[in-house]
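Report on the following structure.
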Amino acid sequence: MSNDPLLQPFQLKHLTLKNRIMITSHEPAYPEDGMPKERYRAYHLERAKAGVALTMTAGSASVARDSPPVFNNILAWKDEVVGHMKQMVDACHDEGCAVMIQLTHLGRRTRWDKADWLPVVSAGHLREPAHRAFPKPAEDWDIARIIEDYADAAERMKAAGVDGIELESYGHLMEQFYSPLTNHLDAPYGGSFDNRLRFVWDVLGAIRQRCGNDFIVGIRYSGDEDLEGGLTKQDGLTISQRLRDSGLVDFLNVVKGHIDTDPGLTDLIPIQGMRNAPHLDFAGEIRAATNFPTFHAAKIPDVATARHAIAAGKVDMVGMTRAHMADPHLVRKIVEGREDDIRPCVGANYCLDRIYQGGMALCTHNPSTGREVEQPHTIAKADTKKRVTIIGAGPAGMEAARVSAERGHHVTVFEAADQPGGQLRLTAQQERRREMISIIAWRFDQCSKMGVDFRFNTYAELDDVLATNPDEVFIATGGLPHTEVLTAGNDLVCSSWDIISGDMKAGQNVLVFDDAGDHAGLQAADMISATGARVEVVTPDRSFAPEVMAMNLVPYVRNMQVRDVTFTVTWRLQSVVREGNQLKAVLGSDYGDFKRERIVDQVVVNHGTRPLDDLYFELKPLSRNLGEVDYDALATGGVQDVTRNAEGAFRLFRIGDAVAARNTHAAIYDALRLARGL
Numbered sequence: 001m002s003n004d005p006l007l008q009p010f011q012l013k014h015l016t017l018k019n020r021i022m023i024t025s026h027e028p029a030y031p032e033d034g035m036p037k038e039r040y041r042a043y044h045l046e047r048a049k050a051g052v053a054l055t056m057t058a059g060s061a062s063v064a065r066d067s068p069p070v071f072n073n074i075l076a077w078k079d080e081v082v083g084h085m086k087q088m089v090d091a092c093h094d095e096g097c098a099v100m101i102q103l104t105h106l107g108r109r110t111r112w113d114k115a116d117w118l119p120v121v122s123a124g125h126l127r128e129p130a131h132r133a134f135p136k137p138a139e140d141w142d143i144a145r146i147i148e149d150y151a152d153a154a155e156r157m158k159a160a161g162v163d164g165i166e167l168e169s170y171g172h173l174m175e176q177f178y179s180p181l182t183n184h185l186d187a188p189y190g191g192s193f194d195n196r197l198r199f200v201w202d203v204l205g206a207i208r209q210r211c212g213n214d215f216i217v218g219i220r221y222s223g224d225e226d227l228e229g230g231l232t233k234q235d236g237l238t239i240s241q242r243l244r245d246s247g248l249v250d251f252l253n254v255v256k257g258h259i260d261t262d263p264g265l266t267d268l269i270p271i272q273g274m275r276n277a278p279h280l281d282f283a284g285e286i287r288a289a290t291n292f293p294t295f296h297a298a299k300i301p302d303v304a305t306a307r308h309a310i311a312a313g314k315v316d317m318v319g320m321t322r323a324h325m326a327d328p329h330l331v332r333k334i335v336e337g338r339e340d341d342i343r344p345c346v347g348a349n350y351c352l353d354r355i356y357q358g359g360m361a362l363c364t365h366n367p368s369t370g371r372e373v374e375q376p377h378t379i380a381k382a383d384t385k386k387r388v389t390i391i392g393a394g395p396a397g398m399e400a401a402r403v404s405a406e407r408g409h410h411v412t413v414f415e416a417a418d419q420p421g422g423q424l425r426l427t428a429q430q431e432r433r434r435e436m437i438s439i440i441a442w443r444f445d446q447c448s449k450m451g452v453d454f455r456f457n458t459y460a461e462l463d464d465v466l467a468t469n470p471d472e473v474f475i476a477t478g479g480l481p482h483t484e485v486l487t488a489g490n491d492l493v494c495s496s497w498d499i500i501s502g503d504m505k506a507g508q509n510v511l512v513f514d515d516a517g518d519h520a521g522l523q524a525a526d527m528i529s530a531t532g533a534r535v536e537v538v539t540p541d542r543s544f545a546p547e548v549m550a551m552n553l554v555p556y557v558r559n560m561q562v563r564d565v566t567f568t569v570t571w572r573l574q575s576v577v578r579e580g581n582q583l584k585a586v587l588g589s590d591y592g593d594f595k596r597e598r599i600v601d602q603v604v605v606n607h608g609t610r611p612l613d614d615l616y617f618e619l620k621p622l623s624r625n626l627g628e629v630d631y632d633a634l635a636t637g638g639v640q641d642v643t644r645n646a647e648g649a650f651r652l653f654r655i656g657d658a659v660a661a662r663n664t665h666a667a668i669y670d671a672l673r674l675a676r677g678l
């Protein structure tokens with residue numbers, strides 16, 4: 001048996017967990033009609049097959065009709081959920097993986113205009129800032145009904161064969177009852193500390209009465225709301241000890257903080273640029289104070305940190321949830337002594353930010369996550385070995401190289417710079433976003449192990465490509481900033497890239513016109529304002545930086561709110577003219593014939609990129625497919641089989657920003673879909 005702390009079994013009541021690594025409850029928004037069907041099942045099964053001890057589904061499954069999910073959650077209040085859950089549980093059990101599910105009533109953390117348009121219910125009138133719904137304080141019949149809903153849902157899960165359930169408390173209805181900030185009820189469920197906890201005990205008691213004492217039940221809760229007037233650390237310790245002493249729960253899953261605002265959520269679930277495992281020591285204090293099975297997860301992205309968490313006795317089970325979205329085979333690679341092959345989580349938080357905007361969770365640099373059915377994580381060897389030539393070593397080019405090499409092809413990569421990275425190398429110039437370079441570093445390491453031929457410092461031209469005698473050619477040359485968006489003064493502005501790269505020194509009074517709404521605009525504004533300059537970010541959108549999304553926005557705003565930065569929405573930069581040694585920027589509006597002027601010393605434009613596609617169009621007439629892509633085959637996992645020029649010696653594909661300005665995930669997904677069919 002291995003002496004690795006992570007690989008030791010853990011006994012939880014009657015359940016033996018084969019190692020100390022778990023996937024904590026989370027909702028990737030993969031259900032169909034509120035049910036965990038094929039996509040959901042394949043996602044968890046992939047990780048079960050790779051050796052994770054416990055996978056916790058849902059984040060959270062709704063127990064009641066008046067708890068409508070604000071994104072695509074499992075509906076545990078429907079009887080039909082039993083059959084779908086049983087299929088997933090049985091499949092994971094066949095791989096030696098335990099399965100639990102998290103249950104909740106969202107309370108005020110939802111909206112009244114979702115699903116059946118029922119009133120939002122809570123323990124008071126106070127609305128949650130994140131979802132903006134004013135709740136109805138729960139009446140006695142609401143409380144009685146919801147307690148039964150919890151018990152009904154738990155009974156359904158037991159019937160499905162799950163190994164246990166976890167109740168979600170933090171931010172949801174349970175915590176809304178026991179937090180003094182949100183409970184404004186009278187006795188018996190409001191007022192004193194004991195009264196505020198009564199709802200939790202009544203729910204747990206009803207579940208035990210229905211499911212028995214042998215059924216595993218845990219709770220995920222905040223041991224410290226970290227809010228003025230809220231539950232304190234001492235309150236959290238008291239609650240932890242009472243939960244232990246109640247005999248109603250079998251494990252504690254501890255978090256720290258609150259989730260009613262974007263900043264609160266981001267502190268509780270930290271993203272890139274924030275400290276790793278910031279609440280691990282706090283979880284360790286809870287475990288020490290209770291001597292009770294304790295689980296924890298919050299930005300534990302690497303094996304070394306996870307191993308420390310177990311070896312130091314901080315927790316009994318360590319959650320590596322986003323890490324498993326990046327690499328579902330993480331545990332297998334630990335067992336096989338291949339930790340350096342683990343695809344790292346870079347904390348980009350594309351997964352969570354997408355679900356909060358109504359999409360399904362996707363990993364920035366693993367496009368197979370959530371697409372296990374149509375885009376498997378493993379790459380099959382090709383029947384025929386080919387020569388694949390790739391121009392550009394950004395994220396698209398590097399993924400094309402990795403997948404082509406996995407297929408067994410001979411791969412040559414041309415790159416004009418002296419190292420791989422493309423736009424990601426530029427992004428990683430800022431310390432807070434330096435983790436992004438791991439997307440490239442991991443691929444370069446994998447490609448190097450497979451013998452990919454990299455030719456750096458080479459600006460590839462037509463003859464260079466033809467000299468490789470290719471069967472397949474990928475143009476992954478990316479794009480360059482497009483700033484010519486003004487009626488006058490295009491020569492007087494610089495791009496966001498100029499600022500981020502350091503090619504252009506920041507001014508002292510700067511207008512940043514952000515018409516792309518992505519990271520580059522905010523990153524430039526952040527870097528300029530850090531010099532002490534005055535910055536105004538202007539956008540024609542009704543909100544700033546919509547492509548950055550909620551949790552990723554938090555660090556930018558925190559930085560810039562303490563500096564001399566203002567945000568101006570619904571105004572469009574029209575022209576720039578010289579006025580003495582200053583610049584006059586004229587703003588217009590899409591809403592009417594309105595004008596405003598600004599006098600500044602620098603104007604920065606962020607308007608996306610235009611493709612670097614000259615080489616593509618040179619190669620196009622020589623290619624067999626004339627550059628054409630079969631979109632039906634691309635979308636459905638089929639094989640590209642377009643022939644438009646029988647004399648062509650190779651097929652030609654454009655990927656990533658060489659096609660159009662998009663994002664890192666799109667670039668990598670392009671490459672994966674095309675290269676795996678070669």
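Under full-length UniProt numbering, the first residue of the sequence shown carries the number 1, and numbering increases by one thereafter.
Ideal Cβ positions, reconstructed from N, Cα and C, are used throughout, including at glycine.
Quantities reported herein were computed from a predicted structural model and do not represent experimental measurements.
- Measure how close the beta-carbons of L106 and S169 come, nearest whole angstrom, since I'm counting them as under 8 Å. Locating residue 106 in the sequence shown gives position 106, counting from the first residue. Locating residue 169 in the sequence shown gives position 169, counting from the first residue. 12 Å between Cβ atoms; not a contact.
- Item | Beta-bridge pairing of H329 - partner residues as DSSP gives them | Here residue 329 refers to the residue found at position 329 when the sequence shown is read from its first residue. In DSSP, H329 forms no bridge with anything.
- Query: For the alpha helix (DSSP H) that Y221 lies in, which residues bound it at each end?
  - Reply: Here residue 221 is taken as the residue at index 221 of the sequence shown, counted from 1. Annotation for Y221: no alpha helix (DSSP H) segment contains it, though the beta strand (DSSP E) segment containing it runs I216 to S222.
- Whole-angstrom Cβ separation of M360 and G370, contact assumed at under 8 Å? The count along the sequence shown starts at 1 and reaches residue 360 at position 360. The count along the sequence shown starts at 1 and reaches residue 370 at position 370. Yes, M360 and G370 are in contact; Cβ-Cβ is about 6 Å, under 8 Å.
- Query: Would DSSP call M504 helix, strand or coil?
  - Reply: For the purposes of this step, residue 504 is identified with residue 504 of the sequence shown, where counting begins at 1. In this structure, M504 counts as coil in the three-state DSSP scheme.
- Mind checking S496: buried by the 16 CB within 10 Å criterion, or exposed? By 1-based counting over the sequence shown, the position of residue 496 is 496. Looking at its Cβ environment, which holds 16 or more other Cβ atoms inside 10 Å, S496 is buried.
- Message: Let's test the definition: count the other Cβ atoms within 10 Å of the Cβ of F177 and tell me whether it reaches 16, buried, or not, exposed.
- Response: For the purposes of this step, residue 177 is taken as the residue at position 177 of the sequence shown. Buried, since its Cβ has 16 or more Cβ neighbours within 10 Å.
- Name the two residues that bound the continuous alpha helix (DSSP H) containing E406. To locate residue 406, count along the sequence shown from 1; it is residue 406. Where E406 is concerned, the enclosing alpha helix (DSSP H) stretches over P395 to E406.
- Query: Going by beta carbon distance, what residues of the same chain come within less than 6 Å of G637, once the five residues before and after it are set aside?
  - Reply: Start at 1 with the first residue of the sequence shown, and residue 637 comes out as number 637. Within the same chain, E374 come within 6 Å of G637 by CB-CB distance, once the 5 residues on both sides are set aside.
- Query: Is it the case that the Cβ atoms of V433 and G212 are separated by a distance below 8 Å?
  - Reply: On the sequence shown, position 433 is the one that residue 433 refers to. On the sequence shown, position 212 is the one that residue 212 refers to. In the sequence on display, residue 433 carries Arg and not Val. Going by C-beta atoms, R433 is not nearer than 8 Å to G212.
- Query: Can you list, in chain order, the residues of its chain whose CB lies under 8 Å from that of G205, leaving out five sequence neighbours each side?
  - Reply: Taking the sequence shown and counting its residues from 1, the one referred to as residue 205 is at position 205. Around G205: L248.
- Message: According to DSSP, simplified to helix, strand and coil, what is T305?
- Response: By one-based count along the sequence shown, residue 305 stands at place 305. Looking at T305 - three-state DSSP - the assignment turns out to be helix.
- Task: Assuming D632 and D641 form a contact by the criterion Cβ under 8 Å, report the distance between their Cβ atoms to the nearest whole angstrom.
- Result: For the purposes of this step, residue 632 is taken as residue 632 along the sequence shown, with counting starting at 1. For the purposes of this step, residue 641 is taken as residue 641 along the sequence shown, with counting starting at 1. Between D641 and D632 the Cβ distance is about 11 Å, and since that is not below 8 Å, they are no contact.
- Classify F177 as helix, strand or coil using the three-state DSSP reduction. For the purposes of this step, residue 177 is identified with residue 177 of the sequence shown, where counting begins at 1. Of the three classes helix, strand and coil, the one that applies to F177 here is helix, per DSSP.
- Query: Grouping DSSP H, G and I as helix and E and B as strand, with all else coil, what is F544?
  - Reply: Taking the first residue of the sequence shown as 1, we reach residue 544 at position 544. Reduced to three states, the DSSP call for F544 is coil.
- Helix or strand or just coil, what does DSSP make of K233? Translated into positions along the sequence shown, residue 233 becomes position 233. Note: K233 maps to helix in three-state DSSP.
- Message: Within 8 Å, do at least three Cβ pairs link the segment 463 to 481 to the segment 596 to 603?
- Response: no
- Taking the alpha helix (DSSP H) that G264 falls in, what are its first and last residues? By one-based count along the sequence shown, residue 264 stands at place 264. D262 to L268 is the extent of the alpha helix (DSSP H) around G264.
- Message: DSSP three-state label for L84, please.
- Response: Taking the sequence shown and counting its residues from 1, the one referred to as residue 84 is at position 84. This sequence places His at residue 84; Leu is not what is there. Looking at H84 - three-state DSSP - the assignment turns out to be helix.
- Task: With distances taken Cα to Cα, identify the nearest neighbour of M317 among E139, M56 and Y356.
- Result: Locating residue 317 in the sequence shown gives position 317, counting from the first residue. With distances taken between Cα atoms, M317 lies closest to M56.
- Query: If we call anything under 8 Å between Cβ atoms a contact, is D572 one with L492?
  - Reply: Sequence index remark: in the sequence shown, residue 572 carries index 572 (1-based). Sequence index remark: in the sequence shown, residue 492 carries index 492 (1-based). The question names Asp, but residue 572 in the sequence shown is Arg. Cβ distance not < 8 Å, so R572 and L492 don't count as in contact.
- Query: Start and end of the alpha helix (DSSP H) containing P555?
  - Reply: Working through the sequence shown from its first residue, we reach residue 555 at position 555. Taken as a continuous stretch (DSSP letters only), the alpha helix (DSSP H) holding P555 covers A550 to Q561.
- Query: Is it true that the CB of T364 sits closer than 8 Å to the CB of T664?
  - Reply: Reading the sequence shown from its first residue, position 664 is the one you call residue 664. Reading the sequence shown from its first residue, position 364 is the one you call residue 364. Against a cut-off of 8 Å, the Cβ pair of T364 and T664 comes out as a contact.
- Euclidean distance between Cα positions of I271 and E647: Against the sequence shown, residue 271 aligns to sequence position 271. Against the sequence shown, residue 647 aligns to sequence position 647. Computed Cα separation, rounded: 51 Å.
- Query: If you scan the segment 62 to 141 from start to end, which runs of the alpha helix (DSSP H) of 4 or more residues do you find wholly inside it?
  - Reply: 81 to 93
- Task: Kindly indicate which three-state DSSP category C345 falls into: helix, strand or coil?
- Result: Translated into positions along the sequence shown, residue 345 becomes position 345. C345: coil per DSSP, three-state reduction.
- Item | Rounded separation between F454 and V413 - CA only | What you label residue 454 is simply residue 454 of the sequence shown in a count that begins at 1. What you label residue 413 is simply residue 413 of the sequence shown in a count that begins at 1. If I take the Cα positions, the gap works out to 5 Å.
- Query: How is the beta strand (DSSP E) around N195 delimited, first residue to last?
  - Reply: The sequence position of residue 195 within the sequence shown is 195, counting from 1. Here N195 belongs to no beta strand (DSSP E); instead the alpha helix (DSSP H) covers F193 to C211.
- Residue span of the beta strand (DSSP E) that contains G164, given as start and end: By 1-based counting over the sequence shown, the position of residue 164 is 164. Where G164 is concerned, the enclosing beta strand (DSSP E) stretches over G164 to E168.
- Message: From the DSSP secondary-structure annotation, give me the bridge partner or partners of residue 692.
- Response: The question about residue 692 has no answer, for the chain in this structure spans 1 to 678.
- Query: Near A64, what residues of its chain come up, given a Cβ to Cβ distance below 7 Å and the 5 sequence neighbours on each side ignored?
  - Reply: As a first step, residue 64 must be located in the sequence shown, where it is residue number 64. Excluding sequence neighbours, A64 sits near W77, H105, I146 and D149.
- Start and end of the beta strand (DSSP E) containing M274? For the purposes of this step, residue 274 is identified with residue 274 of the sequence shown, where counting begins at 1. Here M274 belongs to no beta strand (DSSP E), and DSSP marks it neither H nor E.
- Query: Between I342 and the rest of its own chain, which residues show a CB-CB distance below 6 Å, the 5 nearest in sequence each way excluded?
  - Reply: Against the sequence shown, residue 342 aligns to sequence position 342. Once the five neighbours on either side are set aside, the close Cβ partners of I342 are D327, L330 and K333.
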